[in-house]
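One point on numbering: in this note's numbering, the residue at position 91 of the sequence shown is 94, and numbering is uninterrupted.
The beta-carbon is built from N, C-alpha and C at its ideal position, and this holds for glycine as well.
In what follows, a structure is listed as structure tokens, so that the remarks can point back to it.
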Amino acid sequence: YLDAFQIDKFEVTNKEYRACTDVGACNLPRKFISNIDEPYFYNADYDYFPVMYVSHWDAEDYCSWVGKRLPTEAEWEKAARGAVDTRPWPWGSEHYTCDTLNRCGDFHPERVDDFRGGQSPYGAVNLAGNVFEWVQDHYYDYYYTISPYANPVNTEQLQDENVIYFSIRGGSYHDNWWYSRTFHRKGGHWGDTVLEGSNDKPLFRSFRVGFRCASSGIPE
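What follows is the structure, encoded as structure tokens:
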């Protein structure tokens with residue numbers, strides 16, 4: 004069971020995230036280029052593409068700046084599946100096509116408003132594919148076997164005491180298609196965490212990971 008919430012229709016874009024970095028409220032992405040080494044974050048041609056190379060901490064900061072928060076893992080999955088718990092894809096049970104999932108191009112992110120044929124029952128776009136998305140929860144393989152019935156969110160580090168894991172959901176343009184199914188769970192943790200010498204906050208920032216925001220309640 005989940006209390007009422009709202010989740011953004013689209014992933015956060017480069018243009019939206021730049022507005023936060025321009026006023027010093029958000030950290031810059033780790034890199035300004037795309038996965039194919041072309042200008043990306045500051046390139047107007049990619050204004051409406053998903054921001055990438057941001058950490059869980061960066062995503063939290065942005066969502067807070069706009070008066071929102073990251074969705075919990077349960078909220079994200081509810082937004083993807085709708086009322087049908089067995090739905091393997093946001094759009095239903097049919098396997099993906101080039102209209103529903105970013106898997107037919109050049110292994111590159113696409114605009115956040117593309118692939119509307121794959122939107123969820125609640126109208127959210129690209130919950131499958133484009134980029135993985137950060138959620139609030141710490142990642143733990145077996146969390147669903149111990150989670151509470153109402154409003155579950157894993158606030159404890161249960162997976163590995165030496166490395167911070169947070170969940171990423173939805174798959175990406177650069178990963179195998181099965182990562183994009185509504186029930187697939189994965190933890191983002193490696194990379195900059197070790198390089199920067201700190202496990203206090205997860206600093207994993209990848210060309211495959213972005214985010215969207217959520218908020219509690221329903222609009223009046």
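Length of the line joining the Cα atoms of residue 180 and residue 61: As a position in the sequence shown, residue 180 is number 177, starting the count at 1. As a position in the sequence shown, residue 61 is number 58, starting the count at 1. Cα to Cα, residue 180 sits roughly 26 Å from residue 61.
With 16 other Cβ atoms within 10 Å as the buried cut-off, status of residue 87: Taking the first residue of the sequence shown as 1, we reach residue 87 at position 84. It is exposed - the Cβ of residue 87 has fewer than 16 other Cβ atoms within 10 Å.
Reduced DSSP secondary structure (H/G/I, E/B, other) of residue 18: Numbered from its first residue, the sequence shown carries residue 18 at position 15. Reduced to three states, the DSSP call for residue 18 is helix.
Local conformation of residue 78 per DSSP, three classes: To locate residue 78, count along the sequence shown from 1; it is residue 75. Of the three classes helix, strand and coil, the one that applies to residue 78 here is helix, per DSSP.
Residues sharing a beta bridge with residue 212, DSSP: Start at 1 with the first residue of the sequence shown, and residue 212 comes out as number 209. Paired residue(s): 135.
CB of residue 139 within 8 Å of CB of residue 75, strictly: As a first step, residue 139 must be located in the sequence shown, where it is residue number 136. As a first step, residue 75 must be located in the sequence shown, where it is residue number 72. Yes, Cβ-Cβ distance for residue 139 and residue 75 is below 8 Å.
Cα-Cα separation, residue 145 to residue 47: Translated into the one-based positions of the sequence shown, residue 145 becomes position 142. Translated into the one-based positions of the sequence shown, residue 47 becomes position 44. Cα to Cα, the separation comes out at about 42 Å.
Residue 141 burial status per 10 Å Cβ neighbour count (16 or more: buried): One-based indexing of the sequence shown puts residue 141 at position 138. Buried, by the Cβ-count rule.
Within the segment 93-181, ranges of the beta strand (DSSP E) (whole runs, at least 3 residues): 135-141, 169-172
Nonlocal neighbours in the same chain, by C-beta distance under 6 Å from residue 182, ignoring five residues either side: Here the question's residue 182 lines up with position 179 in the sequence shown. Take residue 182, set aside five residues on each side of it, and the residues of its chain with a beta-carbon closer than 6 Å to its own are 174, in chain order.
Assigned exposure category for residue 20 - 16 Cβ within 10 Å defines buried: By 1-based counting over the sequence shown, the position of residue 20 is 17. Answer is buried; the Cβ neighbour count reaches 16.
Cβ-based neighbour list, residue 18, same chain, cut-off 6 Å, excluding 5 preceding and 5 following: Locating residue 18 in the sequence shown gives position 15, where the first residue counts as 1. Around residue 18: 50.
Rounded straight-line distance, which links the Cα of residue 158 to that of residue 59: Taking the first residue of the sequence shown as position 1, residue 59 is located at position 56. Taking the first residue of the sequence shown as position 1, residue 158 is located at position 155. C-alpha separation (whole angstroms): 14 Å.
Beta-bridge partners of residue 10, as assigned by DSSP: On the sequence shown, position 7 is the one that residue 10 refers to. DSSP lists 217 as partners of residue 10.
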